[in-house]
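> Below are the structure tokens for one structure; questions will follow.
Chains as they are written, first to last, in this note's numbering: chain X, 1049 to 1452; chain S, 7 to 140.
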């Protein structure tokens, strides 16, 4: 590959992987079975667009099954979320380039719920933090964060440097978390992610959470992981008695002594909600996104909005992927949500929307209320005032307009 | 005599530039306006500062896979930083820096956040694994 016998794109990909692997002291590569690539015009810009066009022109083809992360624009007409026309043309071109490279453009950040579920010990190269932490923690699969060209390079070479979470030692727990709180909503799990992640920002920190009173659902673990990854830049957690490498706390720690300990009570969770302040503003948004909603989240939300109506001055957005959008249409969830005045976007995630800073200003939006702890953290460069609330509260705020 | 800090691991060519020291984690997605190169997160310790041609001294990373593409695009737009000096980082920062050919280091023997002040000129030498305050 390095000699260029498999083409210029593969040569560039493997050379890049060698450099990254050297930084982390990787001694070898591991073969991968699956890649998840993140590439949208908002984050790659003209620099990345030109790069991608060039390697596609060199005949780059994925040699393992590869899908794509959420896009930065929906291609349906939503008047208040208009992207720039030239950027929209480029984004459409990016989608075509990905398909030419043999990427299945699923446009989803919940591939682990809807596209591919790797098994314990299976090496993959996934390029979205929420997908990575779910793969490592819930499936016991093995991946690092593979951002930008990194996941593409892995898809082109079919391998990735063996460092970080591909190895045994970094997967051992390092933070002991005692969960005493009663978990009532996905937002509570997101709050746990903030409490554990924010003071411990460290990719190589691995929380071991003990004390869950009920078996957590996939959507709850999705929000926990997305939040830990967002606040803590973390790539793995263990939930004792739940996740595959943590039958016991002793197994999760693997002989490593915890660097720190934290106990989380109901009061700590309430403290997270109380830490947000509303800003003065007549126009506000409620967003269910980050990660995209699963089918059961769509069903649940449709039930909550049924017969209600989004209040004046409020905009409500939901994002999901094409597959779940299609099923939600078939099952009637979409109609219920749209009758209530909710806008459902497909194939995107809200916080990565192209020209979001301008969109916010044009619409005069001030507060962004969400049940996603990740979203209220990631969107801040666009100067929204963000507030985390439980799902039921988000729906009430959306339908009454009362910010509480 | 200039003060020399040693780093744990590093990549890229040696560069000199003006330091911009942050007190908290940094993500090009969460904290930065990637059109202007100005840090726009409300309340960030470097809010209002431009990263262009500065050497960013950052304790930790936040999030996120955005850096994988973002540094390359910042370079394309002419608003890239000159180097990245991290206390702790995640692989995305390295992947993004290698793609953008931006020097990057991790770990420091002394507390760089106390030794280096915003506005000071520093030299980052990845091959020697040193940061020199000039």
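Glycine is no exception: its CB is placed at the ideal position from the N, C-alpha and C atoms.
Rounded to the nearest angstrom, what separates residue 1265 of chain X and residue 1449 of chain X at their Cα positions?
Indexing the first chain from 1 puts residue 1265 of chain X at position 217. Indexing the first chain from 1 puts residue 1449 of chain X at position 401. Cα to Cα, residue 1265 of chain X sits roughly 30 Å from residue 1449 of chain X.
> Quick one: what's got a C-beta closer than 7 Å to residue 1089 of chain X's C-beta in the same chain, skipping five residues either side?
Residue 1089 of chain X sits at position 41 when you count from the first residue of the first chain. Hits under 7 Å: 1097, 1120, 1135, 1138, 1139, 1142 and 1402.
> Does the region 1054–1062 of chain X come into contact with the region 79–88 of chain S, if we say contact requires no fewer than three beta-carbon pairs (one atom in each stretch) closer than 8 Å?
Verdict: no, contact absent.
> Residue ranges of each alpha helix (DSSP H) run of no fewer than 4 residues wholly in the region 1338–1365 of chain X, ordered along the chain?
If we require 4 residues or more, the alpha helix (DSSP H) runs fully inside the region 1338–1365 of chain X come out as 1343–1353.
> Which residues of chain S have a Cβ atom closer than 7 Å to the Cβ of residue 1431 of chain X, listed in chain order?
Residue numbering aside, residue 1431 of chain X sits at position 383 when the first chain is read from its first letter. Residues of chain S passing the Cβ test: 46 and 48.
> Tell me, please, whether the CB atom of residue 1281 of chain X is closer than 9 Å to any CB atom in chain S?
Numbered from 1 along the first chain, position 233 holds the residue referred to as residue 1281 of chain X. Answer yes: the Cβ-Cβ gap between residue 1281 of chain X and chain S drops below 9 Å somewhere.
> Would you call residue 29 of chain S buried or exposed, if buried means 16 or more other Cβ atoms sit within 10 Å of its Cβ?
Along the second chain, one-based indexing puts residue 29 of chain S at 23. Looking at its Cβ environment, which holds fewer than 16 other Cβ atoms inside 10 Å, residue 29 of chain S is exposed.
> Ends of the alpha helix (DSSP H) at residue 1243 of chain X?
Taking the first residue of the first chain as 1, we reach residue 1243 of chain X at position 195. That run of the alpha helix (DSSP H) goes 1234–1245.
> Relative to the C-alpha of residue 1454 of chain X, which residue among X:1231, X:1286 and X:1236 is closest?
No statement about residue 1454 of chain X is possible, as the shown extent of chain X runs from 1049 to 1452 and does not include it.
> Kindly indicate which three-state DSSP category residue 1183 of chain X falls into: helix, strand or coil?
As a working mapping, residue 1183 of chain X is identified with position 135 in the first chain. Residue 1183 of chain X falls in the helix class under three-state DSSP.
> Between the Cα of residue 1152 of chain X and the Cα atoms of X:1386, X:1384, X:1086 and X:1052, which residue gives the shortest distance?
Indexing the first chain from 1 puts residue 1152 of chain X at position 104. Selected option, being the one with the closest Cα: X:1086.
> Does residue 116 of chain S have its Cβ less than 9 Å from a Cβ in chain X?
The residue you call residue 116 of chain S lines up with position 110 of the second chain. No, because no Cβ of chain X sits closer than 9 Å to the Cβ of residue 116 of chain S.
> For a cutoff of 9 Å on Cβ pairs, would you count residue 70 of chain S as touching chain X?
Position 64 of the second chain, counted from the start, is the residue given in the question as residue 70 of chain S. Yes, residue 70 of chain S counts as interfacial toward chain X.
> Pull out every residue of the region 99–114 of chain S whose Cβ sits closer than 7 Å to any Cβ of chain X, in chain order.
Going along the region 99–114 of chain S in chain order, one finds 100, 101, 102, 104 and 105 with a Cβ nearer than 7 Å to chain X.
> Would you say residue 1183 of chain X reaches chain S, if we count a Cβ-Cβ gap shorter than 9 Å as a contact?
Within the first chain, numbered from 1, the residue matching residue 1183 of chain X stands at position 135. No, residue 1183 of chain X does not count as interfacial toward chain S.
> Determine the contact status of residue 1126 of chain X and residue 1160 of chain X, defining contact as a CB-CB distance below 9 Å.
Working through the first chain from its first residue, we reach residue 1126 of chain X at position 78. Working through the first chain from its first residue, we reach residue 1160 of chain X at position 112. No, Cβ-Cβ distance for residue 1126 of chain X and residue 1160 of chain X is not below 9 Å.
> Take residue 95 of chain S as the anchor and find which of X:1198, X:1112, X:1280 and X:1317 has the nearest alpha-carbon.
Numbered from its first residue, the second chain carries residue 95 of chain S at position 89. The residue with the shortest Cα to Cα distance from residue 95 of chain S is X:1280.
> Taking DSSP's pairing of strands, which residues face residue 1174 of chain X in a bridge?
Mapped onto the first chain, residue 1174 of chain X falls at position 126. X:1084 and X:1193, per the DSSP bridge assignment.
> My output table needs one value for residue 131 of chain S: the three-state DSSP class, helix, strand or coil.
Mapped onto the second chain, residue 131 of chain S falls at position 125. Strand.
> Looking only at C-alpha atoms, which of X:1155, X:1166 and X:1318 sits nearest to residue 1494 of chain X?
In this structure chain X extends from 1049 to 1452, so residue 1494 of chain X is not present and cannot be described.
> With 16 as the cutoff for other CB atoms within 10 Å, does residue 41 of chain S come out buried or exposed?
Working through the second chain from its first residue, we reach residue 41 of chain S at position 35. Residue 41 of chain S is exposed by the Cβ-count criterion.
> At a CB-CB cut-off below 7 Å, which residues of chain X make contact with residue 29 of chain S?
Counting from one through the second chain, the residue named residue 29 of chain S turns up at place 23. By Cβ distance, chain X contributes nothing, its closest Cβ being about 12 Å from residue 29 of chain S, past 7 Å.
> On the CB-based measure, 16 or more other CB atoms within 10 Å of its CB, does residue 19 of chain S come out buried or exposed?
On the second chain, position 13 is the one that residue 19 of chain S refers to. Looking at its Cβ environment, which holds fewer than 16 other Cβ atoms inside 10 Å, residue 19 of chain S is exposed.
> Starting from the Cα of residue 68 of chain S, find the closest Cα among X:1278, X:1327 and X:1263 and give me that residue.
As a working note, residue 68 of chain S is residue 62 in the second chain. Checked all of X:1278, X:1327 and X:1263; the closest Cα to residue 68 of chain S is X:1278.
> Return the Cβ separation of residue 1197 of chain X and residue 1064 of chain X in integer angstroms, given the expectation that the two are a contact with Cβ distance under 8 Å.
Counted from its first residue, the first chain places residue 1197 of chain X at position 149. Counted from its first residue, the first chain places residue 1064 of chain X at position 16. At roughly 6 Å, the Cβ-Cβ gap stays under 8 Å, so residue 1197 of chain X and residue 1064 of chain X are in contact.
> Where does residue 14 of chain S sit, in a helix, a strand or coil, going by DSSP?
Taking the first residue of the second chain as 1, we reach residue 14 of chain S at position 8. In the structure shown, residue 14 of chain S sits in a strand (DSSP, three-state: E or B).
> For residue 1453 of chain X, which residues of its own chain have a beta-carbon under 6 Å away from its beta-carbon, when the five flanking residues on both sides are left out?
Residue 1453 of chain X is absent from the structure shown; chain X starts at 1049 and stops at 1452.
> Distance check for residue 119 of chain S and residue 38 of chain S, CA to CA, integer angstroms please.
For this step, residue 38 of chain S is matched to residue 32 along the second chain. For this step, residue 119 of chain S is matched to residue 113 along the second chain. Computed Cα separation, rounded: 20 Å.
> Chain S beta carbons: is any one of them nearer than 9 Å to that of residue 1277 of chain X?
Reading the first chain from its first residue, position 229 is the one you call residue 1277 of chain X. Interface residue, yes.
> Taking just the CA atoms, how far does residue 1446 of chain X sit from residue 1306 of chain X?
Position 258 of the first chain holds residue 1306 of chain X. Position 398 of the first chain holds residue 1446 of chain X. Each residue's alpha carbon lies about 42 Å from the other.
> Does the beta carbon of residue 1310 of chain X sit closer than 9 Å to a beta carbon anywhere in chain S?
Working through the first chain from its first residue, we reach residue 1310 of chain X at position 262. Judged by the 9 Å Cβ criterion, residue 1310 of chain X is not in contact with chain S.
> Determine which residues of the region 1213–1224 of chain X have a Cβ less than 8 Å from any Cβ of chain S, and write them out in chain order.
Against chain S - using a Cβ distance shorter than 8 Å - the region 1213–1224 of chain X contributes no residues.
> Is the CB of residue 58 of chain S under 9 Å away from at least one CB in chain X?
Along the second chain, one-based indexing puts residue 58 of chain S at 52. Chain X, which has no Cβ nearer than 9 Å to the Cβ of residue 58 of chain S, makes this no.
> Do residue 1203 of chain X and residue 1074 of chain X have their C-beta atoms within less than 9 Å of each other?
For the purposes of this step, residue 1203 of chain X is taken as the residue at position 155 of the first chain. For the purposes of this step, residue 1074 of chain X is taken as the residue at position 26 of the first chain. Not a contact, by the Cβ cut-off of 9 Å.
> Note down the Cα distance separating residue 1234 of chain X from residue 46 of chain S, rounded to an integer number of angstroms.
Counting from 1 along the first chain, the entry for residue 1234 of chain X is found at position 186. Counting from 1 along the second chain, the entry for residue 46 of chain S is found at position 40. Cα to Cα, residue 1234 of chain X sits roughly 29 Å from residue 46 of chain S.
> Could you give the C-beta distance for residue 1028 of chain X and residue 1191 of chain X, rounded to a whole number, given that I count them as a contact under 8 Å?
Absent from the model: residue 1028 of chain X. The displayed extent of chain X is 1049 to 1452, so no value can be given.
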